[in-house]
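Since the structure comes first, as structure tokens, the remarks are kept for the end.
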Amino acid sequence: MPVKILYTGSVEKEFIVNDNQIQIDYEPLIEIQLSNDRLVLNQLRELEVQKVFVVVTSQNAVAFLKKNVTTKPNWSIACIEGATLQEFEKMGWLDLVVYTAANAASLAEKIALNENPQTMYFHIHVGKIN
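Here the sequence shown is numbered in the working numbering, starting from 105 and rising by one per residue.
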């Protein structure tokens, strides 16, 4: 009997392959859109000029920063390795990254062991239900 998986993310259906061992049902329930809320953008503009600690756990968050931060900030960044870290490198922000980890739990552990920031900014995914 195959393992059954329900995939709810956004991906082209032809990229999902089923075989005898795994059966993937595809139902795209969540669509991530970058915020254009004026309050959020105004808060980001205020943070852009401050020395803050920022945690980024997705490429979507990096895309939001790339689109909305006009100058390289004076931030300390913790982020997920792989594509998220590579996006910071492409932006020329690699020197701002102080912690990386393979997943959010490991990243949180590194931060907890090494930092005691008064304020930390953490990207939260907000999904739109189709």
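Backbone N, C-alpha and C fix where the C-beta goes; we use that ideal spot for every residue, glycine too.
These numbers were taken from a predicted model, which means no experiment stands behind them.
Go ahead and pull the three-state DSSP assignment for residue i.
{"i": "V166", "result": "helix"}
{"i": "A212", "result": "helix"}
{"i": "F182", "result": "A quick correction: the sequence has Ala, not Phe, at residue 182. Here A182 sits in strand by DSSP."}
{"i": "G231", "result": "Per-residue confidence for G231 stands at a pLDDT of 38, beneath the threshold of 50, marking its modelled position as unreliable; no derived number is given."}
{"i": "A206", "result": "coil"}
{"i": "V160", "result": "strand"}
{"i": "V201", "result": "strand"}
{"i": "K155", "result": "coil"}
{"i": "N146", "result": "helix"}
{"i": "T175", "result": "coil"}
{"i": "N140", "result": "coil"}
{"i": "M195", "result": "helix"}
With 16 as the cutoff for other CB atoms within 10 Å, does residue i come out buried or exposed?
{"i": "T188", "result": "buried"}
{"i": "L211", "result": "buried"}
{"i": "E191", "result": "buried"}
{"i": "A206", "result": "exposed"}
{"i": "A165", "result": "buried"}
{"i": "L169", "result": "buried"}
Using only the heavy atoms of the ligand MN, determine whether one of them is closer than 8 Å to the beta carbon of residue i.
{"i": "A216", "result": "Among the components modelled here there is no ligand, and therefore nothing to report on the ligand MN."}
Could you tell me how far apart the beta carbons of residue i and residue j are, in whole angstroms, since I believe they sit closer than 8 Å?
{"i": "I181", "j": "A208", "result": "About 14 Å; that fails the 8 Å criterion."}
{"i": "W179", "j": "V159", "result": "The Cβ separation is near 10 Å, so there is no contact."}
{"i": "W197", "j": "K171", "result": "The pair is not a contact, with the Cβ atoms about 14 Å apart (cut-off 8 Å)."}
The stretch 202-221 / the stretch 141-152 touching (three or more Cβ pairs under 8 Å): Cβ pair count under 8 Å is below three, so no.
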